[in-house]
Amino acid sequence: MADQELQELDPADIEVSPPPAPDPEVMARRREALKRVRKWGDPVLKTRALEVSRFDDALRTQTEAMGQLMDDALGVGLAATQVGLLQRLFVYRVVQGAPLNVLVNPVIEWSSKDEEWLEEGCLSLPAIHVDVERPVHVRVSAQDEWGEPLSIEASGLEARVIQHELDHLDGVLILDRTPRGQRKEAMRALREALADDEHP
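Going by the UniProt record's numbering, 187 is the number at position 187 of the sequence shown; the sequence numbering is gapless.
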């Protein structure tokens with residue numbers, strides 16, 4: 001459409017569709033899932049998780065349950081510490097419908113000097129979004145839920161999700177990585193959000 005045609009349009013002729021209303025069933029599932037995620041203030045979120053040494057059916061059942069919880073909560077990643085388990089593992093899925101990624105005992109072997117700031121949220125920090133600077137590319141070694149070795153090279157959103165979840169395993173939250181001004185503002189909003197949850 002040319003500029004001249006744009007100028008001739010009456011704003012009243014332009015229809016703006018409202019965003020689709022969220023599915024009530026999906027949102028109800030999300031609310032229930034979030035009740036099972038540990039929130040800011042829980043000591044487990046500030047504790048370093050322990051290496052996993054047993055790769056058994058219980059571990060595989062646990063990772064499957066974490067994947068379901070993450071999906072129900074509409075998240076893209078979930079660390080074991082967020083469900084109260086001090087184990088070095090997390091699950092993630094950055095593309096809807098893709099297989100669930102399970103990383104056990106993950107270690108970042110290399111990260112790029114190229115970094116970028118992007119806004120991040122967290123299932124453990126309701127209603128909070130803050131800017132966090134992270135390397136754009138990473139290479140990670142880990143094990144899968146069967147104990148088999150994995151090596152993953154990730155960029156963009158996948159790299160960011162991996163680093164975010166690995167931070168959880170070290171007791172580090174996005175509030176620890178955001179600029180001081182944003183941190184103060186976010187903590188005030190977080191206290192209000194958590195108070196609202198306790199007294200609906």
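Glycine residues also receive a C-beta, built at the ideal position from the N, C-alpha and C atoms.
Asked	Found
Reduced DSSP secondary structure (H/G/I, E/B, other) of residue 190	helix
Where residue 80 falls: helix, strand or coil (DSSP)	helix
Where the beta strand (DSSP E) containing residue 152 begins and where it ends	149-155
Any non-hydrogen atom of the ligand FAD within 7 Å of residue 73 CB	Ligands are entirely absent from the displayed structure, and the ligand FAD is therefore not among its contents.
Cβ shell of residue 33 (< 6 Å), same chain only, five flanking positions each side left out	69, 72, 73
Distance CB(residue 142)-CB(residue 190) smaller than 8 Å	no
In DSSP terms, what residue 110 is bridged to	139
Whole-Å CB distance - residue 154 paired with residue 172, under 8 Å assumed	That belief does not hold up - the Cβ atoms of residue 154 and residue 172 are roughly 19 Å apart, past 8 Å.
Supposed contact pair residue 78 and residue 95 - C-beta distance, whole angstroms, cut 8 Å	Contact doesn't hold; Cβ gap of about 16 Å is too wide.
For residue 58, the three-state DSSP class (helix, strand or coil)	helix
Extent of the continuous alpha helix (DSSP H) run through residue 51	Looking at the DSSP string, residue 51 is not in any alpha helix (DSSP H), and its letter there is neither H nor E.
Alpha-carbon spacing of residue 130 relative to residue 177, whole angstroms	9 Å
Helix, strand or coil at residue 23 [DSSP, three-state]	coil
Host beta strand (DSSP E) of residue 119 (start-end)	115-122
Residue 59 to residue 180 span [Cα, whole Å]	38 Å
Own chain, CB closer than 6 Å to residue 66, minus 5 neighbours either side, in chain order	78, 91
CB-CB length for residue 205 against residue 125, believed under 8 Å	Absent from the structure is residue 205, since the part of the chain shown begins at 1 and ends at 200.
Same chain only: Cβ atoms within 8 Å of residue 113, ignoring 5 sequence neighbours per side	135
Neighbourhood of residue 122 by C-beta distance below 8 Å, restricted to the same chain and skipping five residues each side	128, 164, 173, 174
Which of helix, strand or coil DSSP assigns to residue 36	coil
Three-state class that DSSP yields for residue 145 in the structure shown	coil
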